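Report on one structure; see the data block that follows.
Residue numbers (the working numbering): 3 to 270.
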């Protein structure tokens with residue numbers, strides 16, 4: 003006999019269950035993945051002359067694997083090497099990613115690696131974010147992330163946001179990776195409809211075994227991207243099941259009778 007309680011084990015951890023069909027992640031009909039190389043299905047190839055080449059292959063990104071698993075539409079709003087700063091300063095506009103016609107019901111934002119280890123930006127905090135005027139945000143990771151989130155919340159005010167922490171890798175990077183995660187939790191507490199996908203806590207460390215099995219040089223193999231897609235879907239499924247009524251109106255997001263649409267209609 004089917005037991006509905008299997009979905010609601012209060013002792014369950016986010017990645018204890020990996021549903022083959024993406025579970026309740028399928029309630030979203032459109033999801034946008036905002037990120038860098040790992041969101042873009044980046045292939046890293048070293049040619050015989052010892053030169054590294056990088057290719058964004060969206061079709062084998064974890065977002066597109068998630069789309070096929072859960073039967074939903076996923077937009078790749080990403081590119082290898084992307085930072086929150088570059089995204090806000092020009093990339094989003096140049097690629098048409100702020101276009102309201104592409105408004106999604108959910109946004110998965112996975113940024114931080116290039117910001118903190120490439121640009122070497124300060125992580126920052128919520129004190130660097132000004133909701134009344136995002137243009138005044140501090141020029142650091144928190145400030146640019148705040149601008150990015152605010153822009154998409156303006157475009158899709160009832161959408162659900164999932165902020166991804168970075169999996170732990172080399173121990174000497176733990177401090178910055180954990181600081182990025184702490185900031186994601188601060189954002190989730192600050193903004194409505196915002197949740198954390200804590201891969202730093204629940205994903206295995208990207209150590210020797212992970213690199214041996216799922217990496218091609220510094221980026222994932224197709225199997226690694228598929229695994230990530232499975233884990234992202236499982237985590238979102240877990241969040242939905244443990245916060246069911248937060249998601250009652252998902253089908254109305256970006257429609258006339260959405261929560262914000264009704265408030266606008268009746269001047270509430």
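All C-beta atoms, glycine included, are put in the ideal place defined by N, C-alpha and C. This one's a predicted model, so the numbers in the text were calculated from it and none came from an experiment.
Original post:
Which first and last residues belong to the alpha helix (DSSP H) in which residue 37 is found?
Top reply: Here the question's residue 37 lines up with position 35 in the chain shown. Element bounds for residue 37: not the alpha helix (DSSP H) but the beta strand (DSSP E), 32-37.
Original post:
Any idea if residue 54 is buried or exposed, counting beta-carbon neighbours within 10 angstroms, 16 or more meaning buried?
Top reply: As a first step, residue 54 is located in the chain shown; it is residue number 52 there, counting from the start. Within a 10 Å sphere around the beta-carbon of residue 54 sit fewer than 16 other beta-carbons, which makes this residue exposed.
Original post:
Looking at C-alpha atoms only, which residue of 263, 261, 265 and 252 is the closest neighbour of residue 31?
Top reply: Your numbering for residue 31 matches position 29 in the chain shown. Taking only the C-alpha atoms, the option nearest residue 31 is 252.
Subject >> Beta-carbon proximity of residue 27 to residue 239, cut-off 8 Å >> reply: The count along the chain shown starts at 1 and reaches residue 27 at position 25. The count along the chain shown starts at 1 and reaches residue 239 at position 237. Taking 8 Å as the cut-off, the Cβ atoms of residue 27 and residue 239 count as close.
Subject >> Pair within 8 Å by beta-carbon distance, residue 166 and residue 179 >> reply: By 1-based counting over the chain shown, the position of residue 166 is 164. By 1-based counting over the chain shown, the position of residue 179 is 177. Taking 8 Å as the Cβ cut-off, residue 166 and residue 179 do not qualify as a contacting pair.
**OP:** Measure the Cβ-Cβ separation of residue 102 and residue 157 and say whether it is below 8 Å.
**Re:** For the purposes of this step, residue 102 is taken as the residue at position 100 of the chain shown. For the purposes of this step, residue 157 is taken as the residue at position 155 of the chain shown. Against a cut-off of 8 Å, the Cβ pair of residue 157 and residue 102 comes out as a contact.
**OP:** Let me know if residue 10 comes out buried or exposed under the rule of 16 or more other beta-carbons within 10 Å of its beta-carbon.
**Re:** Taking the chain shown and counting its residues from 1, one reaches residue 10 at position 8. Exposed, because fewer than 16 other Cβ atoms sit within 10 Å of the Cβ of residue 10.
Original post:
According to DSSP, is residue 108 helix, strand or coil?
Top reply: Taking the chain shown and counting its residues from 1, one reaches residue 108 at position 106. It is a strand residue.
Subject >> Residues that residue 199 bridges to, as DSSP identifies them >> reply: Here residue 199 refers to the residue found at position 197 of the chain shown. Note: residue 199 sits in a beta bridge opposite 166.
Original post:
Going by the CB atoms, is the gap between residue 112 and residue 228 shorter than 8 Å?
Top reply: Numbered from its first residue, the chain shown carries residue 228 at position 226. Numbered from its first residue, the chain shown carries residue 112 at position 110. In this structure, residue 112 does not lie closer than 8 Å to residue 228 by Cβ.
Subject >> Cβ shell of residue 136 (< 8 Å), same chain only, five flanking positions each side left out >> reply: Within the chain shown, numbered from 1, the residue matching residue 136 stands at position 134. Within the same chain, residue 136 has close Cβ partners 148, 149, 152 and 153.
Subject >> Under the three-state DSSP convention, the category residue 44 falls into >> reply: Indexing the chain shown from 1 puts residue 44 at position 42. Correct three-state label for residue 44: strand.
**OP:** Specify, as a first and last residue, the run of the alpha helix (DSSP H) that residue 189 falls within.
**Re:** In the chain shown, residue 189 corresponds to position 187, counting from 1. Segment 176-192, the alpha helix (DSSP H) holding residue 189.
Subject >> Spatially closest choice to residue 230 from 58, 67, 15 and 21, by CA coordinates >> reply: To locate residue 230, count along the chain shown from 1; it is residue 228. Here the closest residue by C-alpha is 67.
Subject >> Any 3 or more C-beta pairs closer than 8 Å across the stretch 182-191 and the stretch 115-128 >> reply: With three or more CB-CB distances shorter than 8 Å, the stretch 182-191 counts as touching the stretch 115-128.
Subject >> Own chain, CB closer than 6 Å to residue 100, minus 5 neighbours either side, in chain order >> reply: Here the question's residue 100 lines up with position 98 in the chain shown. Correct list, in chain order: 94.
Original post:
Residues bridged to residue 208 by DSSP?
Top reply: The residue given as residue 208 occupies position 206 in the chain shown. DSSP, once it has assigned bridges, lists no residue as partnering residue 208.
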